[in-house]
Amino acid sequence: MYIKALVLDNFKSFGRKTKIPFYEDFTVVTGPNGSGKSNIIDAVLFALGLARTRGIRAEKLTDLIYNPGHEDGNDSGGPREATVEVILDNSDHTLERTQVVNAAGSDDVGDVDEIRIRRRVKETEDNYYSYYYLNDRSVNLSDIQDLLAQAGVTPEGYNVVMQGDVTEIINMTPHARREIIDEIAGVAEFDAKKEDAFGE
Ligand code: ATP
Ligand code: MG
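Right under this line is the structure:
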């Protein structure tokens, strides 16, 4: 399974609907400072529910909505809604149809060779709302997280290595570093289960 494409609509600096294709093996995004490279990563984390607001460089969720007056802090009163869709190539069936159907709570998920996870944040006069969709079916964050966990993608995981993470790993105590290796190797899960068993 891999990210095949990303569709950003009114998210951060992407004021126009933008579809970004990704290659299966390796994709590099280049561009001048401030051109929106990191915003692309933020979009993935936002849509997949993998990061808290701070982790995607926003104080509140509505800061993620495109704001034409971002630099000078002006709000032009444009549409206050942002959407990001992550299109996953699942043609290798990393996630089986039954897993997707369970997460979506519906049989009507189409062909699961492609899994589309979409998140929308909408601001109204006095509130804001966040919605998740799995192949166009409305779902909860926990449905998305449970589904992705079955493919080894979790908020605690190292599917995304952020700026500063490498330095942090270097500066860690050997014990803490070992925990990370256990996590990546998939051993940590069994340690936790062992703890649970001792507790019982
Ligand atoms: P660098 O090479 O310095 O890391 P970058 O390409 O990663 O740069 P980003 O951090 O992705 O750049 O983009 C920063 C730009 O996004 C800034 O110009 C900022 O004003 C803009 N931006 C962030 N949030 C919004 C928003 N809600 N509306 C409009 N523009 C935004
Ligand atoms: Mg950057």
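Residues -8 to 191 (the working numbering) make up the sequence shown, in order.
By construction, the Cβ of each residue, glycine as well, lies at the ideal position given by its N, Cα and C atoms.
As the structure is a prediction and not an experimental result, all values here were calculated from the model.
Collect the residues with a C-beta less than 6 Å away from any heavy atom of ligand 2 and give them in sequence order along the chain. LYS28 and SER29
Would DSSP call THR74 helix, strand or coil? strand
DSSP has ASP98 in a bridge; who is on the other side? ASP98 pairs with nothing; no bridge assigned.
Can you tell me which of the three DSSP states GLU186 falls into? GLU186: helix per DSSP, three-state reduction.
Going straight from the alpha carbon of ALA73 to that of GLN136, what length do you get? 20 Å
Could you spell out the range, first to last residue, of the beta strand (DSSP E) harbouring ASP156? Counting along the chain, ASP156 falls outside any beta strand (DSSP E), though it belongs to the alpha helix (DSSP H) covering 156 to 162.
From ALA95, ASN1, MET(-8) and ARG109, pick the residue whose C-alpha is nearest to that of HIS61; which is it? ASN1
Does the beta-carbon distance from ASP33 to ILE56 come in below 8 Å? No. Outside cutoff.
Considering only the alpha carbon of each residue, which of ASP156, THR115, ASP127 and GLU174 lies closest to VAL144? The shortest C-alpha separation from VAL144 is found at GLU174.
Tell me, to the nearest whole angstrom, how far the beta carbon of ALA38 is from that of ARG110; I am working on the premise that it is less than 8 Å. 4 Å
Quick one: residues in its chain with C-beta nearer than 8 Å to the C-beta of MET195, no 5 flanking neighbours on either side, listed in chain order? Shown here, the chain extends from -8 to 191; a query on residue 195 therefore has no answer.
Does ligand 1 have even one heavy atom less than 7 Å from the beta-carbon of HIS61? HIS61: yes, Cβ under 7 Å from ligand 1.
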